[in-house]
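Asks:
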Amino acid sequence: MDNLDSLDLKLVLSFANAYRRLNEKGEISDQQLDEVMQLVENYQNFAPTEFKSRLHEIFPESDF
Numbered sequence: 003m004d005n006l007d008s009l010d011l012k013l014v015l016s017f018a019n020a021y022r023r024l025n026e027k028g029e030i031s032d033q034q035l036d037e038v039m040q041l042v043e044n045y046q047n048f049a050p051t052e053f054k055s056r057l058h059e060i061f062p063e064s065d066f
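Numbering (the numbering used here), first residue to last: 3 to 66.
1. Quick check on this structure: which residue in Val14, Asp10 and Glu63 has the alpha carbon closest to the alpha carbon of Phe41?
2. So Pro50 is in the alpha helix (DSSP H); what residue range does that whole segment cover?
3. Write down the C-beta distance between Glu43 and Ile60 rounded to the nearest angstrom, noting that I regard them as a contact closer than 8 Å.
4. Could you round the C-beta distance between Asn25 and Leu35 to whole angstroms and report it? I think they count as a contact, below 8 Å.
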């Protein structure tokens, strides 16, 4: 189980870092970054389809 938790943490950190880099490049707003970080921090509370739907709410111009 520790390996799975470690993998989860690595994926979450990678996902969060990718969005931070997009924000640093000016490709997403500070508000979008805040919203996606809240989503990532609570990812375990969402089914995959709901997570995708929430991302689409944050980034309506994107096609996930």
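A virtual CB, placed ideally from N, CA and C, is assigned to each residue, including glycine.
Replies: Quick answer:
1. By one-based count along the sequence shown, residue 41 stands at place 39. The residue you asked about is not Phe; residue 41 is Leu in the sequence shown. Here the closest residue by C-alpha is Val14.
2. Here residue 50 is taken as the residue at index 48 of the sequence shown, counted from 1. Segment Pro50 to Ile60, the alpha helix (DSSP H) holding Pro50.
3. The sequence position of residue 43 within the sequence shown is 41, counting from 1. The sequence position of residue 60 within the sequence shown is 58, counting from 1. 14 Å between Cβ atoms; not a contact.
4. By one-based count along the sequence shown, residue 25 stands at place 23. By one-based count along the sequence shown, residue 35 stands at place 33. The Cβ separation is near 4 Å, so the contact holds.
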